[in-house]
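Colleague: The numbers in the sequence shown follow full-length UniProt numbering, run straight up by one, and end at 68. Every residue gets a Cβ at the ideal spot worked out from N, C-alpha and C, and that includes glycine.
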Amino acid sequence: MAIVVNLDVMMAKRKMSLSELAAKVDITLANLSILKNNKAKAIRLTTLEAICQALDCQPGDILEYRPD
Numbered sequence: 001m002a003i004v005v006n007l008d009v010m011m012a013k014r015k016m017s018l019s020e021l022a023a024k025v026d027i028t029l030a031n032l033s034i035l036k037n038n039k040a041k042a043i044r045l046t047t048l049e050a051i052c053q054a055l056d057c058q059p060g061d062i063l064e065y066r067p068d
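(1) Do residue 62 and residue 10 have their C-beta atoms closer together than 8 Å?
(2) In the DSSP assignment, find the unbroken beta strand (DSSP E) run with residue 2 in it and report its ends.
(3) What are the residues that DSSP puts in a beta bridge with residue 66?
(4) Thinking C-alpha only, which one of 13, 47, 2, 68 is nearest residue 24?
(5) Taking 8 Å as the threshold (C-beta atoms), are residue 35 and residue 5 in contact?
What follows is the structure, encoded as structure tokens:
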């Protein structure tokens with residue numbers, strides 16, 4: 001099972017930088033970078049909710065399932 005985080009795509013669509021999103025979501029730049037680069041093993045629903053609110057999107061816009 002492969003879940004891909006398309007955070008960089010949504011950030012580009014919204015013209016938002018990583019540091020700007022980190023400030024809005026109140027998450028460290030390092031942790032947000034881990035998410036953006038598909039290195040995260042888990043994400044809290046509260047974090048996902050905050051990201052979706054900041055980017056004005058749905059979770060499905062950020063997360064994608066790609067079968068192996």
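Modeller: Put simply:
(1) yes
(2) 2-5
(3) 2
(4) 47
(5) yes
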